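Those letters in the sequence shown? Residues 1 to 232, per UniProt numbering, in order.
Right, one structure below, let's go through it.
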Amino acid sequence: MTGTLDALFAAVVAFVGGHFLLGWPSIRTLLIEQLGANRFRAVFSLAAIVALAWTIMAYGDAPYMPVWEPPHWTRWIPNIVMPLACILLVCGYNPFSPTAMMNEEAFEEDPHLVRGILTVTRHPVMWGIGLWGLAHLTIRGDAASMMLFGGMAVLAFGGMMKIDAKKRAEFGAKWAPFELSTSVLPFRAILDGRTKLDWRGIGWLRVGGGLLLWALLHGAHPWIAGVSAVPV
1 MTGTLDALFA AVVAFVGGHF LLGWPSIRTL LIEQLGANRF RAVFSLAAIV
51 ALAWTIMAYG DAPYMPVWEP PHWTRWIPNI VMPLACILLV CGYNPFSPTA
101 MMNEEAFEED PHLVRGILTV TRHPVMWGIG LWGLAHLTIR GDAASMMLFG
151 GMAVLAFGGM MKIDAKKRAE FGAKWAPFEL STSVLPFRAI LDGRTKLDWR
201 GIGWLRVGGG LLLWALLHGA HPWIAGVSAV PV
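Spelled out as structure tokens, the structure:
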């Protein structure tokens with residue numbers, strides 16, 4: 001189950017592929033009909049947790065196989081990108097976000113709800129995960145890291161398209177106003193004049209929470225990943 005690159009590849013495929021498979025509209029609808037919405041969410045969450053745990057263990061036990069040697073200057077990239085990624089993660093855990101897995105009811109109550117970080121992008125959490133994956137791909141040139149961080153980037157950026165397709169299928173025309181007043185690409189809807197930046201909805205507290213998360217991860221990096229995050 002662990003100790004080889006094949007095991008890590010299988011774990012990443014199970015984690016990333018499982019999200020796409022269980023989120024596929026026809027499969028999701030069938031499982032909800034059979035299990036009910038709450039049981040489906042429980043099964044989905046349990047499967048994701050098990051696959052993620054397997055991925056973490058497989059990555060930790062995977063042999064080191066260099067593929068390329070990143071230049072030294074790339075060590076600055078995560079230190080520049082990760083504060084933004086953490087802010088997006090913290091701001092993205094918003095109880096009013098209709099793109100979240102368990103917020104279908106909130107969207108039914110107010111389909112025109114666009115506030116906070118959703119005025120920047122309707123997929124802030126996915127952007128946070130995707131930026132984390134891409135930033136670490138620039139500094140880790142071994143096969144195991146490319147599998148892990150590449151898989152997370154695929155999950156994040158592919159997940160945005162999957163979520164949008166799922167919501168269109170679920171809500172039909174009701175989804176259109178929200179989609180038209182938001183954007184996948186950060187700040188695109190603002191630049192197009194389709195929405196206005198809701199800084200009050202984002203708030204300094206959430207931004208500060210994101211920076212605090214980054215500081216904690218940065219300081220704990222030697223214990224989490226075995227190497228310092230300081231670009232020296």
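Glycine included, C-beta positions come from ideal geometry on N, C-alpha and C.
Since we're looking at a predicted model, the values are computed, not measured.
Taking the C-beta atoms as reference points, VAL43 is found nearer than 9 Å to LEU35. When DSSP states are grouped into helix, strand and coil, ASP198 belongs to the coil group. Its chain contains LEU217 as the residues whose beta carbon lies nearer than 8 Å to that of ILE224, once the 5 sequence neighbours on both sides are disregarded; these appear in chain order. Comparing alpha-carbon positions, the option among LEU118, MET161, GLU69 lying closest to ASN94 turns out to be LEU118. MET1: not part of any alpha helix (DSSP H); DSSP gives it neither H nor E. Take GLY3, set aside five residues on each side of it, and the residues of its chain with a beta-carbon closer than 7 Å to its own are ASP61, in chain order.
Less than 9 Å divides the Cβ of LEU155 from the Cβ of ILE129. Less than 9 Å separates the beta-carbon of TRP127 from that of GLY92. In the DSSP assignment, ALA156 falls within the alpha helix (DSSP H) that extends over 143-171. Beta-bridge partners of PRO66 (DSSP): ASP142.
From the listed residues PRO71, ILE80, MET147, PHE178, the smallest Cα separation to VAL120 is found for PHE178. Between ILE49 and the set ALA144, VAL16, ALA173, the nearest pair of CA atoms involves VAL16.
Within a 10 Å sphere around the beta-carbon of ALA173 sit fewer than 16 other beta-carbons, which makes this residue exposed.
Under the DSSP assignment, HIS136 falls in the alpha helix (DSSP H) whose first and last residues are 124-137.
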